[in-house]
Amino acid sequence: MAEIKLNNLTKRWGDFIGVDNQSLHVQDREFLVLLGPSGCGKTTTMRMIAGLEDPTAGEIWIGDRMVNDDLPKDRDVAMVFQNYGLYPHMTIFDNIAYPLRVRGTDKSEIKPRVEKAAEQVELTEFLHRKPKALSGGQRQRVALARAIVRTPKVFLMDEPLSNLDAKLRVTMRAELKHLSRALQITTVYVTHDQIEAMTLADRVAVMKNGIIQQLGTPDDIYNDPANLFVAGFIGSPAMNLINGSVTDGMFVTTGGTRLVPVNSPDRAKAILGVRADDMHVHEQGQGDIDVTIYAFENTGESTLLTVQWGQQRVIARGDRHLRKDQDEVVGISLNQDHLYLFDPETEDRIRM
Amino acid sequence: MRDNTLKYLLVLPAVLVVFATAIWPLIEAARLSFTVGRLNRPGSLEQYLGWENYLWAFFEEPAFWNSVWVTAVYTILTVGLTTIFALGLALLLAPGGRLRSSAQTLLILPFAMSPALIGVSFRFMFNPEFGLFDAFFGVLIPPLADVSWLADPQLALAVVVMADVWGWIPFLTLVLIGGLASVPRDTIEAAQVDGASGWRVFKDVTLPQLAPVLAVVIILKSIFSLKTFDQVFMLTNGGPGTATQTLSHYIYFNGMKYGQIGYSASVAWLMVIPMIFLTYAYAKFVFRKADQ
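If you're matching them up, the sequences are chains A and B in order.
Everything in the first sequence is counted per our numbering, starting at -19 for the first residue and increasing by one.
Everything in the second sequence is counted per our numbering, starting at 8 for the first residue and increasing by one.
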C-alpha cells in the first residue's frame, strides 16, 4: 500500500516533449486513470513510474521512497501490459509464478498463491497450457493474475483492455472493477477510452500534450470540464460546441440566432458547450428554435438526432420511442443549468 | 501453355545448374570412391575396388583419424567461441543495447574479407620475425615473447581457430541482432517489473525466445566449420606436421597432391554424412520458423 507522488516530472526526447513538468499525487488505495488521446504522454508517465523509462527531470516517489534511481525490479510495482507481455515459452502456471520465483518466495508457498490468483481471475483449468493456446481475454486474465499473485505497492495498467473485442471489454471492465475494489491497492490505469476512465476511476487525470488538463472525479470531469479539450473529449456523443458571441447577456450564434441567456459579460467570440442529453427535442415550434434533421439514428436505448443549425451540426439525444425522419423539422430547447462557455482563444472555461 | 507446365519450365534452368554443379559431382564422387582412382594410372578411374577405400580410411590410416580429430576440435571450438562472442556483441548492438549503428557498420568488415585473405593476413601477423600479433603478445605478455605460434602444434590450431572466429563473428552477430529484435519487448519489460535482474531476464525470457535463431546459427556455423579449407590452406597448410589438418584439407591433399582420387572421394563421402544430418536439422529449424 502506498501513495505515488510525481514532482515536476519531465520527459524529453530531443525536441519532443513527452511529459511536461507534470506533478501528480495519487492517494493510497486510489484508482487513478490517466486518460487522453495517443501521444499525450499518459503511457510515458506510467512507464516512468514503472522504471521502464528514465525521466529527464523531476522526482518519482512511491510511498516514502524516491525511486528515480531504482531499477524496475526494486520498485515493488506490478504492471499489466497492452499486449499482455506473457512469456510464450512458459505455461500459465509458470507465467503467474514468475514474479514469486524471481523474488525468492518459498517454494511451498508458490503453488497455493498461484492457484489463488488463478481462481480470482477464473483461470484454474488452464494452468498447464501455454499462452498460445488461450484466447485474448484469457491471456488478459493471465496478465492480471501475474500482477495480483503478490501484493505490490502499486498496480500499473497500460491499456489492458484495448486489444479485446468490444463485448469482452465490457465484461472484463466489470471484472477489473470488482477485483480492484477487493484488492484495495493503489492503481494507475492508462487508457484512451473515456468509458473505461469514467467507470473505473476514483479520479481521472485528462492529459494532452504532456500536461494534465484536469484532475478530478468522473463526475467532475463530466459535469464540470475545465477547458474545451476536456469538454470535447469526455462524453459520447461528444459535447456540442457552438461558435458565437455574448451580447447583452445572451449567447448569439455565428448565424445571428439569439439562443440562450448566459451569465457573462459581452465578448466578441465565445463557444457554447452543451451535451446531447441537455438538448431537449420537441415538436416543431415548441422549442427555443426550430431546426432541420440532418440524420436520425436509433441506437435502441435512445435516439440521436443530428440537426443542421446554421452552418453547424449538433447532436441531440431524444427519447427511445421518438421516431422522426431526415429533413423533418423539430424544436430544440437547451437545459440552461448545464451550459458551458469557453474562450476560443485560450480554450479555457468561462465560469458563469 | 498451361500454368503447370510453365511453372516447371521456369525452374528448369535452376534445377539444371544445381544438377550440373552439385548433384552430378556428388554422384561421380560416389562412383569414384569405389574405384582404385589413381590420377597417374590410366584406366584406374574405372577399376572397381569395392569398399576397399573406406576400409582403408577406417582401419589403416591414422592420418584420417587425425584429421577427423582436428576437425572435431576445430568445429567445437569455433562454433562455441563464435556463438558466445556473437551473442555478447548482439546484446550490445541490438536496438536498446549499449552500442549502435556506427559500430554495426564497422563490425561487418571482417566478414567482407575472403577466408583465404584472412589466412594470409593471420600468417603474416603471427610471423615470428615481423608479425604484428607476435610482437604484441611479446610486449603484453613477456613469457610469450619467444613462442613461435605457427610452429607449435597446439598453438597453430589455436591461431587457426582464432582467425576463423574473428572472421565469422560479424555474420553471426548480425543474425542474432535480427533474432533479438524479434523477441517481444514487453515480455522483457514484464520480467523487469516482475522483479528479475538483468541476468535472469536474459536467462528466463530472452534466451528461450531466442533459442530457435540460436539453433539455426549453431547449425549453420557447424556446417561451415566442418568444411573449412581455405583458411587452413593459407595459414598453416595443415602443419606443423598434420596438427591443423582438417578433413577438407586431408581430402585435398590425398586427391590433388598424391593423386589418390578414389580414396579422397571416399573420405569426401564420409564427410557428406554428418553434413546431411546438419543440413536436415537446419532445414527443419528454418521451415519450422516459417510455419509460425
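The beta carbon of each residue, even a glycine, is placed where N, CA and C say it ideally should be.
Check: CB residue 120 of chain B to CB residue 174 of chain B, shorter than 8 Å?; Outcome: yes
Check: Among A:256, A:242 and A:235, which residue has its Cα nearest to the Cα of residue 212 of chain A?; Outcome: A:256
Check: For residue 147 of chain B and residue 99 of chain B, I'd like the C-alpha separation in whole angstroms.; Outcome: 27 Å
Check: Would you kindly work out how many angstroms separate the C-alpha atoms of residue 157 of chain B and residue 56 of chain A, rounded to a whole number?; Outcome: 57 Å
Check: Does the separation of the CB atoms of residue 61 of chain A and residue 193 of chain B fall below 8 Å?; Outcome: yes
Check: Any heavy atom of the ligand NAD closer than 7 Å to the CB of residue 162 of chain B?; Outcome: This structure lacks the ligand NAD; in fact it carries no ligand of any kind.
Check: According to DSSP, which residues form a beta bridge with residue 160 of chain A?; Outcome: According to DSSP, residue 160 of chain A bridges with nothing at all.
Check: Report the CB separation of residue 253 of chain B from residue 78 of chain B in whole angstroms; it is logged as a contact under 8 Å.; Outcome: 5 Å
Check: Terminal residues of the continuous alpha helix (DSSP H) containing residue 39 of chain A?; Outcome: Unbroken run through residue 39 of chain A is the beta strand (DSSP E), 37 to 42; no alpha helix (DSSP H).
Check: First and last residue of the alpha helix (DSSP H) that includes residue 277 of chain A?; Outcome: Element bounds for residue 277 of chain A: not the alpha helix (DSSP H) but the beta strand (DSSP E), 269 to 278.
Check: Going straight from the alpha carbon of residue 116 of chain B to that of residue 32 of chain B, what length do you get?; Outcome: 33 Å
Check: Quick one: list the residues of chain B neighbouring residue 133 of chain A, beta-carbon separation under 9 Å, in chain order.; Outcome: Correct list: empty, because the minimum Cβ distance to chain B is about 12 Å.
Check: Please report how far the alpha carbon of residue 46 of chain B lies from the alpha carbon of residue 236 of chain B, in whole angstroms.; Outcome: 22 Å
Check: Can a CB atom of chain B be found closer than 8 Å to the CB of residue 318 of chain A?; Outcome: no
Check: If I follow the unbroken beta strand (DSSP E) through residue 169 of chain A, where does it start and stop?; Outcome: 166 to 171
Check: Check each residue of the region 201 to 215 of chain B: if its Cβ is closer than 7 Å to any Cβ of chain A, include it; give the result in chain order.; Outcome: 201, 202, 203, 204, 207, 212 and 215
Check: Can you give me the start and stop residues for the alpha helix (DSSP H) that residue 26 of chain A sits inside?; Outcome: 22 to 30
Check: Taking the straight line between their C-alpha atoms, what separation do you get for residue 263 of chain B and residue 270 of chain B?; Outcome: 11 Å
Check: Looking at the C-beta of residue 193 of chain B, does it have a partner C-beta in chain A at a distance below 8 Å?; Outcome: yes
Check: Nearest-angstrom Cα distance between residue 114 of chain A and residue 241 of chain A?; Outcome: 58 Å
Check: Below 8 Å on C-beta distance, what does residue 355 of chain A contact in chain B?; Outcome: Residue 355 of chain A lies beyond the residue range present for chain A, which begins at -19 and ends at 332; the question has no answer from this structure.
Check: Mind checking residue 72 of chain B: buried by the 16 CB within 10 Å criterion, or exposed?; Outcome: exposed
Check: Could you tell me which whole beta strand (DSSP E) segments of length 3 or greater appear in the region 177 to 220 of chain A?; Outcome: 183 to 188 and 191 to 196
Check: Where residue 238 of chain A and residue 180 of chain A are concerned, what is the direct C-alpha to C-alpha distance, given to the nearest angstrom?; Outcome: 40 Å
Check: Specify the secondary structure class of residue 41 of chain B as computed by DSSP and reduced to three states.; Outcome: coil
Check: Less than 8 Å between CB atoms is the rule here; does residue 169 of chain A satisfy it with respect to chain B?; Outcome: no
Check: Assuming residue 167 of chain A and residue 187 of chain A make a contact with CB atoms under 8 Å, what is their CB distance in whole Å?; Outcome: Going by Cβ atoms, the distance from residue 167 of chain A to residue 187 of chain A rounds to 17 Å, so no, they are not a contact pair.
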